[in-house]
Amino acid sequence: DGHTNSEGFLYVEEQQHCRLDSLKRKGSSLRFLFSRSFDTCDARDYVIEEGTVHVIYASGAGPLKRADGLRITRAPHKGFQRTTILKIITEDTGLADDVKTLKFTNNKVQVPARDTTYWCKIFRFPPEFRRKQHVVQYEAVVTPGNEGVVHHMELFHCEVGVHEVLPDWNDDCKSPTKPVVLEKCKNVIAAWAMGAPPLRYPKQAGLPVGGQDYSSYVMLEVHFNNPDTRSDLVDSSGVQIYYTDQLRDHDIGILEVGLEYTDKMAVPPGQDAFDLTGYCISECTRASLPPSGIVVVAAQLHTHLAGVTVWVEHSRGGRSLGEIGRDNHYSTHFQEIRRLARPVSIQP
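Every letter in the sequence shown is one number past the one before it in our numbering, and letter 92, counting from 1, is 92.
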């Protein structure tokens, strides 16, 4: 139990709150288990809470005789990993035998040698989707070696007439030649961002896709983050969905709330901190939610690079009912859809 200063020197604290429970070495790896209170009430100790945790690590060769005064910034092996320490343990078991899979992936796309690219590709559901199906899980399929380049991906349904034919587009999403009709491909089926694990829905619900009046067109959008402007990257990443024709009791939907991407969000210069707040007011919920309301089972928080803390608060009748999601150490490079510990009922 210790702390570091701004120069990376480690200082062991007199009062120890960590307890080493086990230590095992196997080959070149070392595995240890420790326990500690989530909040020790010590101002120097990190509060272990829900949301993103930036884990910093350092290691060196040989036995460590003394930790106090060690400069970890000079360790031969060091780095950090974004993760969540407090995780929601669900009771979901394995997938049923009737569940099938379907992939929507790029096909050897030459990643442009520029910082940011959004790549769009049109697909069609197979004929069996003329009957309603339920998506019960989805996950990312990332080309090995491109884990640091594929920032996030989304699979959209195209809200067009069931008999309307869309162009076979496979190009830059922001190209001036992109057909205008593809702007109708905005209804999210799956959303994944760097670091996120597969998302499995509760056993009582699935995301509805397909049906007699449902267009078969979908669009994959992949955001490539290429700050080194490499020209040698080829990518075949995408999304894999798990679906079944054995419909579950409830339909899953995706509700987006927050702020629009407009100049109203501009942060004035010279600010040490700046709050931006969006509201989904009762006039909107009454117009969009069913009379019985909805039940929220998972949430994803999102900002761009300037965002460091983000949360969603639920209110009814002028009274706060608590937060649906919070991340005090948010990073745009680690965006997960996180299952909630308890479902939240939202009324219109």
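For each residue, glycine too, the CB sits at the ideal point set by N, CA and C. Note that the structure is a prediction, hence the values are computed from the model and not measured.
Environment of residue i [buried if 16+ CB atoms lie within 10 Å]
i, result
"Asn226", "buried"
"Lys87", "exposed"
"His134", "buried"
"Asn106", "buried"
"Ile48", "exposed"
"Pro179", "exposed"
"Phe34", "exposed"
"Tyr201", "buried"
"Ala298", "buried"
"Val257", "exposed"
"Phe38", "exposed"
"Val308", "exposed"
"Phe274", "exposed"
"Leu20", "exposed"
"Ile89", "exposed"
"Val234", "exposed"
"Asp115", "exposed"
"Ser231", "exposed"
"Lys264", "exposed"
"Ile189", "buried"
"Val287", "Looking at the sequence itself, residue 287 is Ala, so the reference to Val does not match. Exposed: under 16 other Cβ atoms inside 10 Å."
"Ala96", "exposed"
"Thr52", "buried"
"Leu220", "buried"
C-alpha distance - residue i paired with residue j, whole-angstrom precision
i, j, result
"Ser315", "Arg339", "20 Å"
"Gln212", "Lys132", "8 Å"
"Thr303", "Thr277", "12 Å"
"Ile56", "Ser331", "15 Å"
"Glu128", "Asp251", "19 Å"
"Pro144", "Ser237", "9 Å"
"His163", "Phe125", "14 Å"
"His329", "Val109", "34 Å"
"Pro197", "Asn187", "22 Å"
"Val218", "Thr285", "27 Å"
"Ala113", "Phe80", "27 Å"
"Asp1", "Val12", "6 Å"
"Gln137", "Arg248", "13 Å"
"Ala205", "Thr4", "47 Å"
"Ala191", "Val209", "15 Å"
"Leu259", "Cys280", "9 Å"
"Pro290", "Leu305", "35 Å"
"Arg342", "Asp68", "43 Å"
"Gly344", "Leu255", "According to the sequence as given, residue 344 is Val; it is not Gly. Their backbone Cα atoms lie some 13 Å apart in a straight line."
"Leu23", "Arg31", "6 Å"
"Tyr118", "Gly161", "26 Å"
"His54", "Gln335", "13 Å"
"Glu159", "Ser175", "21 Å"
"Thr177", "Gly27", "56 Å"
"Arg66", "Ser6", "20 Å"
"Gln246", "Asp228", "47 Å"
"Glu313", "Arg326", "9 Å"
"Glu50", "Phe123", "37 Å"
"Ser215", "Leu182", "13 Å"
"Gly94", "Ala266", "46 Å"
"Gly8", "His157", "49 Å"
"Gln300", "His333", "13 Å"
"Ile72", "Lys184", "52 Å"
"Val111", "Glu147", "13 Å"
Which residues DSSP lists as bridging residue i, in chain order
i, result
"Asp172", "Trp119"
"Asp327", "Val310"
"Lys80", "For the record, residue 80 in the displayed sequence is Phe; it is not Lys. Phe80 pairs with Ile56."
"Phe34", "Leu20"
"Tyr217", "Arg124"
"Tyr138", "Leu199 and Ile241"
"Met153", "Trp192 and Val222"
"Phe129", "DSSP, once it has assigned bridges, lists no residue as partnering Phe129."
"Ser320", "Ser315"
"Phe9", "Arg71"
"Ala298", "Arg339"
"His163", "In DSSP, His163 forms no bridge with anything."
"Gln110", "Val234"
"Asp251", "Gly206"
"Gly2", "Val12"
Any non-hydrogen atom of the ligand NAD closer than 7 Å to residue i Cβ
i, result
"Met265", "The model on display carries no ligand, and the ligand NAD is accordingly not part of it."
(request) Decide yes or no for the touch test of the region 28-48 against the region 294-305: beta carbon pairs closer than 8 Å, at least 3 of them. (result) Taking one beta carbon from each stretch, the region 28-48 and the region 294-305 have fewer than 3 pairs nearer than 8 Å; the two do not touch.
(request) Please confirm if the region 72-87 is in contact with the region 52-61, defined as three or more CB-CB distances below 8 Å between the two stretches. (result) yes
(message) Taking contact to mean 3 or more Cβ pairs, one atom from each stretch, closer than 8 Å, check whether the region 268-288 and the region 147-166 are in contact.
(response) no
(request) With a floor of 3 residues, list each beta strand (DSSP E) that falls wholly inside the region 258-291, ordered by position along the chain. (result) As far as the region 258-291 is concerned, it has no whole beta strand (DSSP E) run of at least 3 residues.
(request) May I ask you to verify whether the region 164-172 touches the region 189-205, counting CB pairs closer than 8 Å and requiring at least 3? (result) no
(message) Tell me whether the region 94-104 and the region 228-248 touch, counting them as touching only if at least three CB pairs, one residue from each stretch, are closer than 8 Å.
(response) Yes: the two stretches touch, three or more of their Cβ pairs being nearer than 8 Å.
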